[in-house]
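Take a look at the structure below.
2 protein chains.
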Amino acid sequence: MSAAHNKAIKEAEPQTRGDKRRAAFIAAARQVFLEQGYEAASMSEIVLRAGGSLSTLYSQFGDKQGLFISMLDARVRQITESMGVELSAHTPVQEGLRRIGEQFTSKLLEPESLEMYRLIVGLARKFPEIPREFQRRGPDKIRQALVDYLMDREEAGEIRLEDPYRTATLFLEMTRSGLVSRALLDEDVRPNAEEIRTSVNIVVDMFLHGIIRYQPDPDSTKTLKA
Amino acid sequence: MSAAHNKAIKEAEPQTRGDKRRAAFIAAARQVFLEQGYEAASMSEIVLRAGGSLSTLYSQFGDKQGLFISMLDARVRQITESMGVELSAHTPVQEGLRRIGEQFTSKLLEPESLEMYRLIVGLARKFPEIPREFQRRGPDKIRQALVDYLMDREEAGEIRLEDPYRTATLFLEMTRSGLVSRALLDEDVRPNAEEIRTSVNIVVDMFLHGIIRYQPDPDSTKTLKA
DNA sequence: CAGCAAGTGTAATGTTGATTACACCCGAGA
DNA sequence: TCTCGGGTGTAATCAACATTACACTTGCTG
């Protein structure tokens, strides 16, 4: 209810009442879709929370699917931006990775992010374009930023990369491990900040050093030689 | 259609016609649920494919949810077993991890596994118990097997583990990275066996050695000393 | 061969919710 | 003040199913 009142703040140009309505609808839609899922969400319920009328809702978004897509669009943009990859360029790699990992993981563990992700994944069949768009505008953006950072660190001589893209992917996946994928399946799993930090630290260490004290046959790799 | 005919083979004890019906219903349910998703799947459609009658379907499973759970139950058991964690105990760690990683990743990338996972994730809100059960009977089983293997390798002196459970989780997540989570969002991403092998090899190497040629401050770790 | 438990087919029943139709209202420019 | 264009409220429409009811068959078992 209260969320419906700060539209004027968000919009640079409060073009007219039409935009107010639109913003209110989207805010309510977000609530309802996240709470109930796509199918179960009812248009009337959304109108109920947004105020305004069913007719206006339809005239603005066409149909349920249109509303859903508009909502998702606004939301993904918002989340990705807020992740604002402050990639603290030139920070030493261990410290830099820890910061990125923590920020990334915390964001993904927020109940709303989890729910949004569930929604998107579950709808892959019905709207295949949605997950693709999401991938492109969310995760891919963040990965790119990490790639840039890693390459900066390589130039600084701190690390050597075979395949920056794959390495970045790997790192992001690793930080999600055990926390996000678990939480995705179990609503009650809710790591606190401390647990996140610990988990990320362990991941960063393994990312940089590998399994502790592994001694391969001298020929199979050249890593430990230098 | 053809799938409905080999029930006698699967069941050790073809107890009676009742079981044939049951098996046929579950097979059809699997098809329809995977194709259309939970909400969109219609009971009549399932009967249409399974043969038999709506009444029998209801008398066997109670309601839609009951049918769904039974189907999932059968399927998860089947997949997990088929993953038959042949953990080739006592295999050197690099080779062992490669095998496990490949098997795991391939299985998860099968279209049916992906679709099943999407279904489960999407239903976390509606039936919170389902994902939890799934976690326990699927992923957790496999992780446990990996933990056992890693500990075996530690006893053999090949590696040193701080936290076997977390390490195993990490490894499984890493192997999924870039392939499974991507494929989850984009149906058209379909790595072939060769790509899977390559990806897994890279992961195993990083898992064992870390980022190539990282040289930390001498005090922050002791790894590269020995 | 009778009899019953399980199976079958078809047709209600009932609800739910998207989508549309219609008649009315309010605020800004002529 | 008059006049729209967007808004509003309410009440249809209309389809889809889940779920149940009912009356009829079958296939064993004794």
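Protein chains in written order, with our numbering: chain A, 1 to 226; chain B, 1001 to 1226.
From the three backbone atoms N, C-alpha and C, an ideal C-beta is built for every residue, glycine too.
Got a sec? Which residues, its chain only, sit under 8 angstroms from residue i by beta carbon, not counting five neighbours each side?
i: R1118(B); result: L1184
i: V121(A); result: P131
i: E154(A); result: R160, L161 and P164
i: F1134(B); result: L1072, V1076 and I1120
i: A1193(B); result: S1106
i: L172(A); result: F104, P139, I142, R143 and L146
i: E1110(B); result: none
i: T80(A); result: R137, G138, K141 and I142
i: I196(A); result: E102, T105, S106, L109 and L179
i: D152(A); result: A89 and H90
i: M1083(B); result: Q1103, F1104, K1107 and I1142
i: K1126(B); result: Y1038
Less than 7 angstroms between the beta carbons of residue i and residue j, yes or no?
i: T1105(B); j: T1175(B); result: yes
i: T1056(B); j: R1030(B); result: no
i: T1167(B); j: L1161(B); result: yes
i: G62(A); j: G1210(B); result: no
i: L108(A); j: V180(A); result: yes
i: V200(A); j: E102(A); result: yes
i: E1112(B); j: P128(A); result: no
i: I26(A); j: A89(A); result: no
i: E39(A); j: E1039(B); result: yes
i: E1035(B); j: V1093(B); result: no
Pick helix, strand or coil for residue i, following the three-state DSSP scheme.
i: V164(A); result: For clarity, residue 164(A) is Pro in the given sequence; the question names Val instead. The answer is helix: DSSP assigns P164(A) an H, G or I state.
i: R99(A); result: helix
i: V1189(B); result: coil
i: T198(A); result: helix
i: T91(A); result: coil
i: M1083(B); result: coil
i: E112(A); result: helix
Within a Cβ cutoff of 7 angstroms, which residues of the same chain sit near residue i, ignoring the five residues on either side of it in sequence?
i: A124(A); result: P131
i: L114(A); result: A183 and L184
i: K1064(B); result: M1043
i: R98(A); result: V200, N201 and V204
i: A41(A); result: V32 and F33
i: T198(A); result: none
Got a sec? Which residues, its chain only, sit under 6 angstroms from residue i by beta carbon, not counting five neighbours each side?
i: I1046(B); result: A1028, A1029 and V1032
i: R1049(B); result: A1028
i: L54(A); result: V47
i: V1203(B); result: M1174 and T1175
i: I69(A); result: none
i: P191(A); result: L179
i: Q1060(B); result: R1022
i: L208(A); result: none
i: Y1058(B); result: none
i: M1206(B); result: none
Verify the contact flag: residue i, CB atom, against every heavy atom of the ligand SAM, threshold strictly below 6 angstroms.
i: G1051(B); result: No copy of the ligand SAM appears in this structure; indeed no ligand is present at all.
(request) Scan the region 1192–1206 of chain B for residues whose Cβ lies nearer than 9 angstroms to a Cβ of chain A and list them as they occur along the chain. (result) S1199, I1202, V1203, D1205 and M1206
(request) Return the residues of the region 1129–1156 of chain B that lie within a Cβ-Cβ distance of less than 8 angstroms from chain A, sorted by chain order. (result) P1131, R1132, F1134 and Q1135
(request) Can you check the region 114–181 of chain A for any alpha helix (DSSP H) of at least 4 residues that lies completely inside it and give the ranges in chain order? (result) 129–137, 139–155 and 164–176
(request) Return the chain-ordered ranges of every alpha helix (DSSP H) run that is complete within the region 13–81 of chain A and spans a minimum of 4 residues. (result) 17–36, 43–50 and 54–61
(request) Pull out every residue of the region 1018–1040 of chain B whose Cβ sits closer than 7 angstroms to any Cβ of chain A, in chain order. (result) G1037 and E1039
(request) Report the residues of the region 60–93 of chain A with a CB closer than 8 angstroms to any CB of chain B, ordered along the chain. (result) V93
(message) Taking beta-carbon pairs under 9 angstroms, can you tell me which members of the region 1105–1129 of chain B lie near chain A?
(response) L1114, E1115, Y1117, R1118, L1119, I1120, V1121, G1122, L1123, A1124, R1125, K1126 and P1128
(request) With 8 angstroms as the limit, tell me which residues of the region 1160–1185 of chain B have their beta carbon closer than that to any beta carbon of chain A; keep them in chain order. (result) R1160, L1161, E1162, D1163, R1166, T1167, T1169, L1170, L1172, E1173, M1174, R1176, S1177, G1178, S1181, R1182, L1184 and L1185
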